[in-house]
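Each remark here refers to the structure printed beneath this line.
There are 2 protein chains.
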Amino acid sequence: MLDTSAGFLVDEGRLDALEIGAAVLGTGGGGNPYIGKLRAREALRQGYVMRVIPLEALPDDAVVVSVGGIGAPLVSHERIKHGSEGLRCVRALEKHLAISVDAIVCEEIGGQNAMEPLITASMAGLPVVDCDGMGRAFPEMQMTTFSIFGHCSTPSVMCDPHGNAVIFEHAISEKWHERMARACVVAQGGASTLASAPMSGRFLKQYSIPQSYSQAIRLGEAVVAARQAHADPIRAICDSENGEVVFRGKIVDLKRKIEGGFVRGTVMVQGFDGYEGQVGSVLIQNENLVFSRDGVAEVVVPDLIVILDIDTGAAITTEMLRYGQRVAVLALPCHPLLRSEAALEVVGPRGFGLDLAYRPMGRAEKERKPS
Amino acid sequence: MLDTSAGFLVDEGRLDALEIGAAVLGTGGGGNPYIGKLRAREALRQGYVMRVIPLEALPDDAVVVSVGGIGAPLVSHERIKHGSEGLRCVRALEKHLAISVDAIVCEEIGGQNAMEPLITASMAGLPVVDCDGMGRAFPEMQMTTFSIFGHCSTPSVMCDPHGNAVIFEHAISEKWHERMARACVVAQGGASTLASAPMSGRFLKQYSIPQSYSQAIRLGEAVVAARQAHADPIRAICDSENGEVVFRGKIVDLKRKIEGGFVRGTVMVQGFDGYEGQVGSVLIQNENLVFSRDGVAEVVVPDLIVILDIDTGAAITTEMLRYGQRVAVLALPCHPLLRSEAALEVVGPRGFGLDLAYRPMGRAEKERKPS
Numbered sequence: 060m061l062d063t064s065a066g067f068l069v070d071e072g073r074l075d076a077l078e079i080g081a082a083v084l085g086t087g088g089g090g091n092p093y094i095g096k097l098r099a100r101e102a103l104r105q106g107y108v109m110r111v112i113p114l115e116a117l118p119d120d121a122v123v124v125s126v127g128g129i130g131a132p133l134v135s136h137e138r139i140k141h142g143s144e145g146l147r148c149v150r151a152l153e154k155h156l157a158i159s160v161d162a163i164v165c166e167e168i169g170g171q172n173a174m175e176p177l178i179t180a181s182m183a184g185l186p187v188v189d190c191d192g193m194g195r196a197f198p199e200m201q202m203t204t205f206s207i208f209g210h211c212s213t214p215s216v217m218c219d220p221h222g223n224a225v226i227f228e229h230a231i232s233e234k235w236h237e238r239m240a241r242a243c244v245v246a247q248g249g250a251s252t253l254a255s256a257p258m259s260g261r262f263l264k265q266y267s268i269p270q271s272y273s274q275a276i277r278l279g280e281a282v283v284a285a286r287q288a289h290a291d292p293i294r295a296i297c298d299s300e301n302g303e304v305v306f307r308g309k310i311v312d313l314k315r316k317i318e319g320g321f322v323r324g325t326v327m328v329q330g331f332d333g334y335e336g337q338v339g340s341v342l343i344q345n346e347n348l349v350f351s352r353d354g355v356a357e358v359v360v361p362d363l364i365v366i367l368d369i370d371t372g373a374a375i376t377t378e379m380l381r382y383g384q385r386v387a388v389l390a391l392p393c394h395p396l397l398r399s400e401a402a403l404e405v406v407g408p409r410g411f412g413l414d415l416a417y418r419p420m421g422r423a424e425k426e427r428k429p430s
Numbered sequence: 060m061l062d063t064s065a066g067f068l069v070d071e072g073r074l075d076a077l078e079i080g081a082a083v084l085g086t087g088g089g090g091n092p093y094i095g096k097l098r099a100r101e102a103l104r105q106g107y108v109m110r111v112i113p114l115e116a117l118p119d120d121a122v123v124v125s126v127g128g129i130g131a132p133l134v135s136h137e138r139i140k141h142g143s144e145g146l147r148c149v150r151a152l153e154k155h156l157a158i159s160v161d162a163i164v165c166e167e168i169g170g171q172n173a174m175e176p177l178i179t180a181s182m183a184g185l186p187v188v189d190c191d192g193m194g195r196a197f198p199e200m201q202m203t204t205f206s207i208f209g210h211c212s213t214p215s216v217m218c219d220p221h222g223n224a225v226i227f228e229h230a231i232s233e234k235w236h237e238r239m240a241r242a243c244v245v246a247q248g249g250a251s252t253l254a255s256a257p258m259s260g261r262f263l264k265q266y267s268i269p270q271s272y273s274q275a276i277r278l279g280e281a282v283v284a285a286r287q288a289h290a291d292p293i294r295a296i297c298d299s300e301n302g303e304v305v306f307r308g309k310i311v312d313l314k315r316k317i318e319g320g321f322v323r324g325t326v327m328v329q330g331f332d333g334y335e336g337q338v339g340s341v342l343i344q345n346e347n348l349v350f351s352r353d354g355v356a357e358v359v360v361p362d363l364i365v366i367l368d369i370d371t372g373a374a375i376t377t378e379m380l381r382y383g384q385r386v387a388v389l390a391l392p393c394h395p396l397l398r399s400e401a402a403l404e405v406v407g408p409r410g411f412g413l414d415l416a417y418r419p420m421g422r423a424e425k426e427r428k429p430s
């Protein structure tokens, strides 16, 4: 039996903190969680209850379904969701498979997909598990620890705001699932919601990134506390996430284009505040993928690269980067699961078509210091 | 109970005739039925039995599913189907809806979609009903009498040759179904197979185009007989279909482009053999839509416009039109169901975005003669 009194409730204060934390963990992508937060807050005010339970509270045979938005973040900023898409996905999946879902799980804690599971779960009267499949944001559906470690994400259900529903009954691979769902979401107007095939509690305990919600909320709360104390929010993020500032400077060049549904480009930063005479650059595909110093790659995906406004400590998403912004570049270590060989094939530099080896940022740091 | 001894069997000779008849009824589109015929013949040679039963043999409560190819005809010429796509669609639909299918029906008798129902039905051990939803070929899914007269074609199942399966669980309209399925078939490589939501025997008796298979086969047999007798196959087509030759001449200009997944264009024909000094033109969107004489529209969709090689009597599909071809243009009256107001909204000139009124070709003929 699932202990539904375990874990913690999400209130409006925690939603605000989650918004900040999810934006940082979005590493430039994943969409801005602000709109999602407004929808979640509205649900709270209507009396829906949002409970996050720890992985340990989940029975091994629990039936857990992941829910998230799919499509272009920019579309979801302009076209508000109907609201019940996630719930319709879960109900259709239950009917199609003749199952009863016990809990909802998050695919992607970075960006706006942190909010959808809370909204859907509260409407369904279910808890959300305190974990996710990325520990950050990634641009494609197959880039979850769930898929990487063997979960077949079909059958899945995709619902749009108009009322259309599509079941991806079987895909011969996770990449094919992504390909078909991506084409379909474009036909549906660019921003839909998807629920994937159920996973067991046992599988999640082994292959999810644990404590994503509590981590993201704690991170947001640290930033809020630092701001209230007029302390440095960037320092607070580094302390909370075991990260480090790798660069400070002004954006002096920005190449950015939309290609194949992705934002791609490079941002160049002229150093100051201890980085004078250095040029930092960040390579982008929706998310920040590689940070280089004077042309040498130093922090590489799946480690997290976050570009922050140097004054407010607010994370800047890739579509919001502008010439002249004064920024700090942070590196945060990714979860060890993402550093496994199987994961690096999918979410390491090669997974993004980059001819670059992955070096864990902790090691890179050590190697860099002596020089 | 369904009388499975009713109707007739399709043998190799009838397949050959069907290929010819379906090409004529394709009115320039629907894809060349040759490849489909080869697949159907192979199934016959493997021992599968193809039975076509009359509408009257169908009980009112029979569960009938339509099956057809969806995608670009040219792709299906180059990439041979796996073979079991239609069967997988039917089985997935049966499982999803917990039903048992009694018979298969054809969406589109014109072009290569005449063959798929025979192949699928024979593999499933089911009969094909002697009717279809167009009586010709049309480019989009919602252009069937089934959809026009109120059948909701979802849930439907689409399978590709790779092994992927998608269920369109619910579409808010037939056009939305078309839009999502079209996007998905492109992602699947451009040529998949789709089975639509079941229809009852009662519905089909009222709203299908009856006797499509026997008509197409009889038409093909008339052409074969004319060729064997060194008679005029074009005359044979007109006699069989109550049609008339409206033009003879040489193709002197051809504008054709691929736009939004459709072949669009105009073909100009300089008259001869009684049409000297006249210029005929045919407007194309996959199928032949409008025949005009000296700039005045004379035969208009949904009436059938067929361009034939003047020597062999073979139908020329729109992608095979070439400068210098010597052709006859035939007009064949469409089925009365397609001339209803409801049908003309969808498959009349306005359904194709043409600012043109529909005049039944019989009437046009009468009006033209006195002048």
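Chains as they are written, first to last, in my numbering: chain A, 60 to 430; chain B, 60 to 430.
By construction, the Cβ of each residue, glycine as well, lies at the ideal position given by its N, Cα and C atoms.
Cβ of residue i within 8 angstroms of any chain B Cβ
i: F227 (chain A); result: yes
i: A401 (chain A); result: no
i: A39 (chain A); result: No statement about residue 39 (chain A) is possible, as the shown extent of chain A runs from 60 to 430 and does not include it.
i: S430 (chain A); result: Unreliable placement is indicated for S430 (chain A), whose pLDDT of 36 sits below 50; the coordinate value is still reported in the next sentence. Chain B contact via Cβ: absent.
Identity of the residue in the options nearest residue i by Cα
i: R195 (chain B); options: B:A116, B:E300 and B:G308; result: B:E300
i: G95 (chain A); options: A:G66, A:V111 and A:S143; result: A:S143
i: P176 (chain A); options: A:E101, A:V245, A:T252 and A:L114; result: A:T252
i: A173 (chain A); options: A:V365, A:L391, A:L74 and A:F331; result: A:L74
i: T204 (chain A); options: A:M327, A:G333, A:G127 and A:G192; result: A:G192
i: Q384 (chain A); options: A:E115, A:T325, A:I375 and A:A390; result: A:I375
i: D219 (chain A); options: A:E335, A:Y272 and A:C148; result: A:C148
i: Q287 (chain A); options: A:D189, A:T371, A:V111 and A:R150; result: A:T371
i: S271 (chain A); options: A:Q247, A:G169 and A:I317; result: A:G169
i: E115 (chain A); options: A:D62, A:V283 and A:R100; result: A:D62
i: K140 (chain B); options: B:I112, B:L152, B:C165 and B:A99; result: B:A99
i: M200 (chain A); options: A:V406, A:L413 and A:L415; result: A:V406
i: L263 (chain B); options: B:P92, B:G80, B:R418 and B:P118; result: B:P118
i: G410 (chain A); options: A:P361, A:M420, A:Y382 and A:V225; result: A:P361
i: G333 (chain A); options: A:A131, A:G412 and A:V305; result: A:V305
i: N345 (chain B); options: B:I310, B:G130, B:G66 and B:R104; result: B:G130
i: S215 (chain B); options: B:H221, B:R150, B:A250 and B:I276; result: B:R150
i: F227 (chain B); options: B:L313, B:E137 and B:H155; result: B:H155
i: V359 (chain A); options: A:V322, A:E335, A:R398 and A:V386; result: A:R398
Environment of residue i [buried if 16+ CB atoms lie within 10 Å]
i: P395 (chain B); result: exposed
i: I369 (chain A); result: buried
i: H210 (chain B); result: buried
i: S351 (chain A); result: buried
i: H236 (chain A); result: buried
i: D414 (chain B); result: exposed
i: L146 (chain B); result: buried
i: E233 (chain A); result: buried
i: I310 (chain A); result: buried
Interface partners of residue i on chain A, CB under 8 angstroms
i: Q201 (chain B); result: Neighbours of Q201 (chain B) on chain A: none; closest Cβ ~14 angstroms, over 8 angstroms.
i: H221 (chain B); result: I231 and W235
i: H141 (chain B); result: Within 8 angstroms Cβ-Cβ: nothing; H141 (chain B) doesn't reach chain A, min ~12 angstroms.
i: H289 (chain B); result: Simply none; closest approach about 52 angstroms.
Neighbour flag for residue i against chain A, beta carbons, 8 angstroms
i: G249 (chain B); result: no
i: A254 (chain B); result: no
i: H155 (chain B); result: yes
i: Q171 (chain B); result: no
Listed by chain order, chain A residues near residue i by CB distance under 7 angstroms
i: C243 (chain B); result: M239, A242 and C243
Per-residue contacts from residue i into chain B (C-beta, under 8 angstroms)
i: A131 (chain A); result: The premise fails here: A131 (chain A) is roughly 15 angstroms from chain B at the closest Cβ pair, so nothing lies under 8 angstroms.
i: A151 (chain A); result: E228
Listed by chain order, chain B residues near residue i by CB distance under 7 angstroms
i: H210 (chain A); result: Those do not exist, as H210 (chain A) stays about 18 angstroms from chain B at its closest Cβ, beyond 7 angstroms.
Proximal residues of chain B, C-beta to C-beta of residue i below 9 angstroms
i: A246 (chain A); result: W235, R238, M239, A240, R241, A242 and C243
**Item:** Those runs of the alpha helix (DSSP H) which lie wholly inside the stretch 106-183 of chain A and span at least 4 residues
**Value:** 132-137, 144-156 and 175-183
**Request:** Kindly provide the ranges of any alpha helix (DSSP H) runs that are 4 or more residues long and lie completely inside the stretch 195-262 of chain B, ordered along the chain.
**Result:** 204-207 and 233-246
**Message:** So within the stretch 77-104 of chain A, which uninterrupted alpha helix (DSSP H) runs reach at least 4 residues, ignoring any that extend past its ends?
**Reply:** 93-104
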